[in-house]
Amino acid sequence: MTEAIPIHHIGLLGGSFDPIHQAHLALAEAALDQLGLESVQLIPAAAPWQRAPLSTPAGHRAAMAELAIAGHPRLAVNRIELDRGDASYTIDTVRALKAAPGGDATRYVWILGADQLANFCTWHEWAAIVALAELAVAARPGSRPEPPPELAAELARLGRPLHRLAMPEMPISASGIRQRLAQGQAVDGLVPPAVLDYIRRHHLYQT
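For the sequence shown, UniProt numbering gives the first residue as 1, with consecutive numbering after it.
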């Protein structure tokens with residue numbers, strides 16, 4: 001009798017993490033608790049293709065992410081996009097993870113905010129993404145976690161769920177944190193203390 005291969009359940013949370021903040025961690029923890037995931041991998045982008053080039057070097061952003069997840073044993077930083085180094089297309093990342101050893105025995109869930117869900121159909125090869133990974137969405141201020149019609153139709157065709165994560169709306173954004181830091185304002189409570197210490201030691205986000 002052939003022994004069944006265990007299926008692993010892994011969440012994927014991509015972003016620039018410039019800097020990583022408490023809402024990122026709350027979203028990852030909500031996915032862990034509500035979806036029964038073994039872990040969530042935070043994937044810093046090398047070069048997000050739908051936004052302006054990042055001003056903070058990848059090494060700093062990855063280091064801050066590592067500091068942020070200390071004390072969160074089921075969170076990990078995956079450098080797959082940083083190591084690849086080119087434009088960060090989600091489909092390339094998901095395909096690489098599925099092709100890696102054990103990838104065919106892993107159920108991946110891509111975690112995103114409602115603001116990202118609203119423009120998901122502008123992502124490169126978006127239909128291929130939902131064919132390889134499930135989606136989980138949480139509410140963001142000003143956005144409802146409802147898929148655009150084209151995405152809803154594709155999910156229905158594939159029989160894929162759209163997981164909705166219940167979590168309090170947290171009006172925290174990396175751009176707002178960068179602006180506050182550039183203006184010399186406090187960001188205590190918006191980023192983990194170790195991340196804030198790193199930002200101060202390396203004089204990040206200062207004009």
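Beta carbons: idealized from backbone N, C-alpha and C, even for Gly.
Just so you know, these numbers come straight off a predicted model, no measurement behind them.
query = According to DSSP, which residues form a beta bridge with residue 164?
reply = 137
Opposing strand residues paired with residue 277 [DSSP bridges] = Here the chain has residues from 1 to 207 only, and residue 277 is not among them.
request  = Say whether the segment 25-44 touches the segment 178-187, bearing in mind that this needs 3 or more beta-carbon pairs closer than 8 Å, one atom from each stretch.
outcome  = The segment 25-44 makes no contact with the segment 178-187, as fewer than three CB pairs between them are under 8 Å.
query = In angstroms, rounded to a whole number, what distance separates the CA positions of residue 111 and residue 60?
reply = 23 Å
Complete runs of the alpha helix (DSSP H) confined to the segment 146-197 [at least 4 residues] = 149-158 and 174-182
request  = Could you pull out every residue in the same chain whose Cβ sits closer than 6 Å to the Cβ of residue 42, ignoring the five residues on either side in sequence?
outcome  = 13, 65 and 77
ask   = Nearest-angstrom Cα distance between residue 85 and residue 63?
value = 16 Å
key: Range of the contiguous beta strand (DSSP E) that encloses residue 59   = Taken as a continuous stretch (DSSP letters only), residue 59 belongs to no beta strand (DSSP E), being part of the alpha helix (DSSP H) at 58-68.
Sequence-distant residues of its chain with Cβ nearer than 7 Å to residue 103 (five each side left out) = 97
request  = Taking 8 Å as the cut-off, decide whether the C-beta atoms of residue 40 and residue 67 are in contact.
outcome  = no
query = Quick one: is residue 203 buried, meaning 16 or more other Cβ sit within 10 Å of its Cβ, or exposed?
reply = exposed
key: 7 Å CB neighbourhood of residue 45 in its chain, flanking five on each side removed   = 14, 15, 16, 81 and 88
ask   = Could you give the residue range of the beta strand (DSSP E) that holds residue 20?
value = Note, residue 20: premise wrong, no beta strand (DSSP E); not H, not E.
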